[in-house]
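Numbering (UniProt numbering), first residue to last: 1 to 387.
Laid out in structure tokens, this is it:
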């Protein structure tokens with residue numbers, strides 16, 4: 001994270017005695033990235049965060065993966081996926097994946113177990129409903145349009161605060177953060193950034209829970225394990241540092257516009273290992289007198305492009321079958337662009353009312369079984385139809 005936060009009680013100096021009312025020491029924990037060479041936070045526990053009573057291998061929550069063969073654009077309709085009573089961890093339905101990143105969709109109606117992803121950071125996007133992220137760092141309240149970044153290995157659980165919450169989940173093999181070009185040498189957001197520190201939310205108070213023999217589900221590089229902790233991990237009385245869960249609303253993303261059509265990098269919101277995440281939001285469009293507001297045909301030779309359509313009107317996609325909750329995949333090796341007729345229709349438009357989350361990967365994405373189960377198999381041929 002680009003800035004320092006302090007929550008709850010911490011001692012004046014790091015790595016010094018900090019005692020509880022009964023005279024015993026609080027247990028200091030350093031959570032840091034890239035060894036001891038990057039962002040970190042110090043947490044102060046009432047009990048030892050290392051005390052586990054058992055470890056059990058769990059049958060992994062996996063799904064089949066297949067290459068995009070034959071190579072073609074795809075359209076998946078997430079609102080046709082089965083729901084039912086489930087949570088936002090065990091109920092994830094994986095859609096697209098490679099060795100860098102996985103995209104899944106969850107329809108959650110109940111609290112998740114305590115969970116730790118020890119592989120990489122997670123980016124949650126709330127399509128509808130609301131939920132609470134409870135973690136060792138405190139609480140984050142999320143509602144429709146919110147992103148949440150959950151750093152690697154933070155113990156947390158996801159608790160719906162509405163009857164149902166629909167989530168897009170992006171799991172990385174490393175760390176997710178703001179694009180480096182938005183940040184100063186010391187990590188402050190620069191003036192050309194489309195969002196800044198004022199738009200970000202982090203936990204504000206500690207979350208204290210007393211319990212014993214507490215199960216925590218761990219996803220790690222070799223599979224899944226359930227640890228039983230001697231005491232509840234939510235026993236942190238205070239923490240400080242630059243590593244913690246945080247939230248940002250897509251509605252606070254300030255679009256970058258120009259006289260002529262702007263390329264997708266102006267929509268970039270986050271970056272991860274070999275992928276980027278972008279936000280398409282309502283905005284005024286190109287104001288050159290001869291401008292064509294919809295995108296030109298383009299062939300990103302190094303990228304697979306995924307768009308999750310989460311609100312508004314997609315003028316460039318009219319006639320393609322794209323609706324709320326649709327996910328399109330336009331793979332490298334395929335030229336894609338606006339649907340027939342949309343270029344002429346868009347001329348003279350002053351604004352677009354659209355909301356979408358885009359994932360661009362720099363290695364090809366495989367198709368997972370849940371995605372194939374809700375595929376619109378006619379999508380690839382829509383450009384050949386008349387307007």
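Even for Gly, the Cβ is constructed at its ideal location relative to N, Cα and C.
Which stretch, first to last residue, makes up the beta strand (DSSP E) that contains residue i?
i: residue 344; result: Not the beta strand (DSSP E): residue 344 falls in the alpha helix (DSSP H), residues 342 to 346.
i: residue 128; result: 122 to 128
i: residue 42; result: 40 to 45
i: residue 141; result: 138 to 143
i: residue 239; result: 236 to 241
i: residue 183; result: Element bounds for residue 183: n/a, residue is neither H nor E.
i: residue 156; result: 156 to 160
i: residue 247; result: 246 to 249
i: residue 54; result: 52 to 58
i: residue 298; result: Taken as a continuous stretch (DSSP letters only), residue 298 belongs to no beta strand (DSSP E), as it is neither H nor E.
Excluding five sequence neighbours on each side, which residues of the same chain lie with their C-beta closer than 7 Å to the C-beta of residue i?
i: residue 314; result: 322 and 354
i: residue 206; result: 7, 8, 138, 236, 237 and 238
i: residue 201; result: 140, 246 and 247
i: residue 356; result: 280, 307, 308, 309 and 310
Give a single yes or no on whether residue i has its beta carbon closer than 7 Å to a heavy atom of the ligand ADP.
i: residue 369; result: Within the structure as shown, the ligand ADP is missing, as the structure has no ligands at all.
State the beta-bridge partners of residue i as determined by DSSP.
i: residue 93; result: 105
i: residue 77; result: 326
i: residue 284; result: 351
i: residue 172; result: 101
i: residue 380; result: Beta-bridge pairing links residue 380 to no other residue.
i: residue 278; result: 268 and 358
CB-CB under 8 Å to residue i, same chain, minus the five flanking residues each way: which ones, in chain order?
i: residue 379; result: 73, 74, 75, 320, 321 and 328
i: residue 153; result: 31, 116, 117 and 118
i: residue 164; result: 83, 107, 108, 109, 128 and 129
i: residue 114; result: 155, 156, 157, 214, 215, 216, 217 and 233
Is residue i near residue j, with beta carbons less than 8 Å apart?
i: residue 151; j: residue 121; result: yes
i: residue 364; j: residue 332; result: yes
i: residue 110; j: residue 85; result: yes
i: residue 176; j: residue 35; result: no
i: residue 103; j: residue 170; result: yes
i: residue 280; j: residue 267; result: yes
i: residue 78; j: residue 44; result: no
i: residue 27; j: residue 49; result: yes
i: residue 352; j: residue 283; result: yes
Closest by CA to residue i, which one among the options?
i: residue 298; options: 347, 339, 374 and 276; result: 339
i: residue 341; options: 226, 382 and 131; result: 382
i: residue 432; options: 59, 128, 270 and 124; result: Missing from the structure shown is residue 432; the chain here goes from 1 to 387 and no further.
i: residue 348; options: 285, 375 and 277; result: 285
i: residue 39; options: 96, 240 and 56; result: 240
i: residue 277; options: 307, 288, 263 and 251; result: 307
i: residue 275; options: 304, 282 and 266; result: 304
i: residue 143; options: 131, 135 and 136; result: 131
i: residue 64; options: 88, 50 and 98; result: 98
i: residue 15; options: 21, 3, 5 and 29; result: 29
Provide the residue span of the alpha helix (DSSP H) that contains residue i, from first to last.
i: residue 369; result: 369 to 373
For residue i, which residues of its own chain have a beta-carbon under 6 Å away from its beta-carbon, when the five flanking residues on both sides are left out?
i: residue 193; result: 182
i: residue 209; result: 232 and 234
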